[in-house]
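Protein chains in written order, with my numbering: chain A, 5 to 302; chain B, 5 to 302; chain C, 5 to 302; chain D, 5 to 302.
Virtual Cβ for every residue (Gly too), placed ideally from N, Cα, C.
Source: prediction; values computed, not measured.
Here is the structure we will look at, set down as structure tokens.
Number of protein chains: 4
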Amino acid sequence: MGTTLAALNAAPAADFVASLGAVFEHAPWVAEAAAARRPFATVEALFAAMREAVDSASDARRLALLTGHPELAGRAARSGDIAPDSIAEQTAAGLDRMSEPEYARFEALNAAYRERFGIPFILCIKRHGRASLLATFEARLASSAEVERRTAEAEVMRIAAIRLNALVAGDGPLATTGRISTHVLDTVQGRPAAGVALELVEYVSPTETVLVAHAVTNADGRTDLPLIHGRPVPIATYELRFRLGDHFRRVGPGMGLDLPEPPFLDVVPLRFSVGDPEGHYHVPLVATPWSYQTYRGS
Amino acid sequence: MGTTLAALNAAPAADFVASLGAVFEHAPWVAEAAAARRPFATVEALFAAMREAVDSASDARRLALLTGHPELAGRAARSGDIAPDSIAEQTAAGLDRMSEPEYARFEALNAAYRERFGIPFILCIKRHGRASLLATFEARLASSAEVERRTAEAEVMRIAAIRLNALVAGDGPLATTGRISTHVLDTVQGRPAAGVALELVEYVSPTETVLVAHAVTNADGRTDLPLIHGRPVPIATYELRFRLGDHFRRVGPGMGLDLPEPPFLDVVPLRFSVGDPEGHYHVPLVATPWSYQTYRGS
Amino acid sequence: MGTTLAALNAAPAADFVASLGAVFEHAPWVAEAAAARRPFATVEALFAAMREAVDSASDARRLALLTGHPELAGRAARSGDIAPDSIAEQTAAGLDRMSEPEYARFEALNAAYRERFGIPFILCIKRHGRASLLATFEARLASSAEVERRTAEAEVMRIAAIRLNALVAGDGPLATTGRISTHVLDTVQGRPAAGVALELVEYVSPTETVLVAHAVTNADGRTDLPLIHGRPVPIATYELRFRLGDHFRRVGPGMGLDLPEPPFLDVVPLRFSVGDPEGHYHVPLVATPWSYQTYRGS
Amino acid sequence: MGTTLAALNAAPAADFVASLGAVFEHAPWVAEAAAARRPFATVEALFAAMREAVDSASDARRLALLTGHPELAGRAARSGDIAPDSIAEQTAAGLDRMSEPEYARFEALNAAYRERFGIPFILCIKRHGRASLLATFEARLASSAEVERRTAEAEVMRIAAIRLNALVAGDGPLATTGRISTHVLDTVQGRPAAGVALELVEYVSPTETVLVAHAVTNADGRTDLPLIHGRPVPIATYELRFRLGDHFRRVGPGMGLDLPEPPFLDVVPLRFSVGDPEGHYHVPLVATPWSYQTYRGS
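Written out as structure tokens, the structure reads:
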């Protein structure tokens, strides 16, 4: 249900606002201000105009922009009484699948935050894994009102940028996406390892993981698509797990490699953390039945 | 409470048998036969004599050698009604700390095995981790009587070899020990990484691990002692976990390295399997804040 | 001065032959036969038709195809009395820049070969470095007439394929090109190493090298173009030489890395051999001031 | 023809001086002063006493210590008119095998240095390769008289320390030796690569090398002895060259590895520079037929 920059440039102001009014939650006035600044050559230029509208707005309006935001996993979210985009974002973050104790914890954090700073806790949750979300919440609770006001506004901008990119196709999209990718090289044969099953898991706590993606390497030793792409990479610790043992069980006999059972290397885990959601994380596996290496590649 | 080969060579036959009578469970006649063959130049020669005594014994005696063995985690073991060495071995394997369901499972396996083959299930448990022990038990249940008879005798010999090494100091000890060791190299500085905390865990099931050893690397980037040594390395899948992130947090600033938080690499897991309990497994970590490699070294 | 497959399909037969008559040296009849088989959907199909014309030609004509070929670095070549394509090919291989002794050696080899097999020595020299060319020449001198006849015909086809690709643009070009490429990764910083000067040399003898290409890595740690591409990679031993020391002299101080002078690693040589001229040889350097690795990548 | 610290502690002063009088060239008074300070618990303590004798000597005597030194590759050296130790040291450095132009260059440098600083150029040549020796000579010519006086005294101490270690066996020897060592690991098989021929060459100029050592790896993938040990490692750029291709030609077929000819990797060169003659340089090769890595190990 997106549109194009060209269409928006040509549309009546009312339609423009109808399309982009929800980019800033409960604040169609931002889109209205931007409508008057058309045409825009790029999505970036359009976003810059919306940002300026916010920056030049009255303090009351800017504060309303924050107070208008729903709490994370708050009552409004549970009852569906928030903007559709917020529902989608919180659902993606798994905030609709929390246990009662988890909800209770969020309720307590939300209450403490609102009590302390007079605004809801605002975070661009698409940029955080579950563990990072909670750690960030607690860290920000210990911050100052002034810093939190600025931080909340910055997070509102991040949320808006992602929403705008999703709504509008055009030149100069906003840089809101990162990537996790891999490839597997078999240095016994000196060629890409095809048919290697692998999975990417996220540590949602020091001991629990959830499956993020699984794939099998193609003839180039790569996955047909990056494991995460087209969105921010949530800040988290991840582990790639490669079924390397199966690969050499399959190709080894053909090469006459006689390998022990169990093999020295079977499932190979590569554990790494992402701190830059808009970064590209290429994490290859260069391996033999007895050795392997990885590095942050490009 | 061991003795020396020299002392055994010089001792009265009765004392010799008193010292070594328990090497083969409930079968002092093996030691008696060996006593008559003294003196022995090496522990290997002594063991060879005991092995010959068994090989040349009547089928009835050899069968008794098997039937005399206690079951793993069996009633006898639980009531302490087995040879002290067996108690120690089963305790080391954690067979005295199993849950009721685990006991029940062993009881069932023991009963099925005895029912099927007419002898107790005999395994040199010091050479197996928990997962391997159960997998081996089930695999052997599906074997043939003839093969199992030979396998059981081979296991009795392995058990006896370890007991003999523990009892007798002298030249030419039996090869019953393996080793897991590591070292950490910091290739940003081009020198061993000192002060790196690491732990070795064993996978007792596909998802559960138990801590086997922990250490901190010394000035040579090594642990003062191998993580496992002086005994067989139980057949199992292991994981070494290195606190690499802490190392670079410590040395990085001094080098002016400015690293992200969370770091790309924090706890680095190296997962590998041991199939040869008498083998040497040197598993080093050669690392920077952004890359690492490992291999089975020497 | 090339043309397109579409144009050739539409052209009068005479023009078609004028364009492709030189693909098989002194044998326009091959193009004539192919002209009658038009149209061709791909360059491969066109080449298949030419190959069939040769295969179905009389033995006399096929022999003439071989005898019509100029000798390598022979008198004809030196006097320019050979087809323009042959001049270009021999020049590219440096056969026009040989010393008198080298010429003499080729004269001798040519004479011995013609004496022995009754045909000139034919080799697709674009697929061979200087050392390989001489080694191949000597090896083939020791071969049998029957094998050499087949080998010579196969080489004629390789030469023709390269010429055809150069002359005709269109779908389904022939696979006649290989590639040597590299990239440099700095695993102290966890990112591509930009601005690294490197050169590629070919060993023309066990001790002499000639410079093939030089480049400086770009922001992606790659060279803007592969070091060899768009042509066969001559069979030879190559060495990539990277000015790694200069890179860390440049970036090290900014990182606070304090490195010795001379540095442990300064110019890093990676020596490798190419046996498959149509292969892709990606030879990266993954390095710190104290370590590096390479592998045949993809 | 060395002696022991114990013997020297017990010897008459005259014998002590006879043994150690040549440690400082043409300056037996240093040994005389030390003789009066006996007994010494360690060689280090003995050397400290000799150093103190020099430090507390008159300026004239200390200057004489410098002027008494022979020039490098000077007339005295060529005519053998210098102390035996100096002959041996200069011979080891190849200064007796220089070409006429090289001699001429040294003569000129020596003259310019003596002219400028009034003392001969003094350098502990055992710590320098040929290229470093010349570079150092030229660099020091550009230095100041004050700095050169201190540098010359420091070099005299280095020369004396090496001579003393060679003459006297005892506890606490002086740290005057470094090491270059290697090992080769075959990560296709996951074990040390035995029987790999390798050589160590020194770059005596940017383009010329001289063979320093050659060896074949043993069953541990190591050389029976370090390639350089028991002496300072001359400051120089070195290259280790491993016949890796031969190794995989030998073991590959047994493993069913089917490798191209020429192999991708045949002779693998590892080039590195030594800046610390008393350092330990362990430079391993961890390799497959298609990849390898090295690092400064421990």
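At which residues does the alpha helix (DSSP H) containing residue i begin and terminate?
i: residue 71 of chain A; result: 63-71
i: residue 119 of chain A; result: 104-121
i: residue 160 of chain D; result: 149-171
i: residue 44 of chain C; result: Neither: residue 44 of chain C is in no alpha helix (DSSP H) and is coded neither H nor E.
i: residue 132 of chain B; result: Note, residue 132 of chain B: premise wrong, no alpha helix (DSSP H); not H, not E.
i: residue 268 of chain A; result: Neither: residue 268 of chain A is in no alpha helix (DSSP H) and is coded neither H nor E.
i: residue 39 of chain B; result: 32-39
i: residue 23 of chain B; result: 17-24
i: residue 11 of chain B; result: 9-14
Just grab the DSSP bridge partners of residue i for me.
i: residue 277 of chain B; result: B/241
i: residue 290 of chain C; result: C/189, C/297
i: residue 213 of chain C; result: C/207
i: residue 196 of chain A; result: A/189
i: residue 183 of chain B; result: B/284
i: residue 202 of chain C; result: C/219, C/246
i: residue 227 of chain A; result: Paired residues: none, contrary to the question.
Less than 8 Å between CB atoms is the rule here; does residue i satisfy it with respect to chain D?
i: residue 298 of chain C; result: yes
i: residue 261 of chain A; result: yes
i: residue 1 of chain A; result: No answer is possible for residue 1 of chain A: it lies beyond the span of chain A, which begins at 5 and ends at 302.
i: residue 36 of chain C; result: no
i: residue 32 of chain B; result: no
i: residue 250 of chain C; result: no
i: residue 256 of chain B; result: no
i: residue 210 of chain B; result: no
i: residue 185 of chain C; result: no
i: residue 271 of chain C; result: yes
In chain order, what residues of the same chain have a beta carbon less than 6 Å from the beta carbon of residue i, not counting five sequence neighbours either side?
i: residue 32 of chain C; result: 21, 25
i: residue 291 of chain C; result: 248
i: residue 251 of chain A; result: 197, 200
i: residue 30 of chain A; result: 72
i: residue 41 of chain B; result: 53
i: residue 162 of chain A; result: 128
Who are the Cβ neighbours of residue i in its own chain at under 7 Å, not counting the five residues just before and after it?
i: residue 39 of chain D; result: 17, 20, 21
i: residue 214 of chain A; result: 205, 206, 208
i: residue 222 of chain B; result: 198, 228
i: residue 48 of chain A; result: 176, 178
With a threshold of 8 Å between beta-carbons, can residue i be considered close to chain A, or not?
i: residue 275 of chain C; result: no
i: residue 191 of chain D; result: yes
i: residue 302 of chain C; result: yes
i: residue 180 of chain B; result: no
i: residue 194 of chain C; result: yes
How is the beta strand (DSSP E) around residue i delimited, first residue to last?
i: residue 234 of chain C; result: 232-235
Looking at chain B, is there any beta carbon in it that lies within less than 8 Å of the beta carbon of residue i?
i: residue 268 of chain C; result: yes
i: residue 140 of chain A; result: no
i: residue 230 of chain D; result: no
i: residue 225 of chain D; result: yes
i: residue 176 of chain C; result: no
i: residue 295 of chain A; result: yes
Kindly say whether residue i, judged by its beta-carbon, lies nearer than 8 Å to any beta-carbon of chain C.
i: residue 265 of chain D; result: yes
i: residue 241 of chain D; result: yes
i: residue 103 of chain B; result: no
Taking 8 Å as the CB-CB cut-off, is residue i touching chain E?
i: residue 281 of chain D; result: Among the protein chains of the structure shown, namely A, B, C and D, there is no chain E.
Given residue i, which residues of its chain have a CB within under 8 Å of its CB, disregarding the five upstream and five downstream residues?
i: residue 158 of chain B; result: none
i: residue 288 of chain A; result: 186, 187, 188, 189, 298, 299, 301
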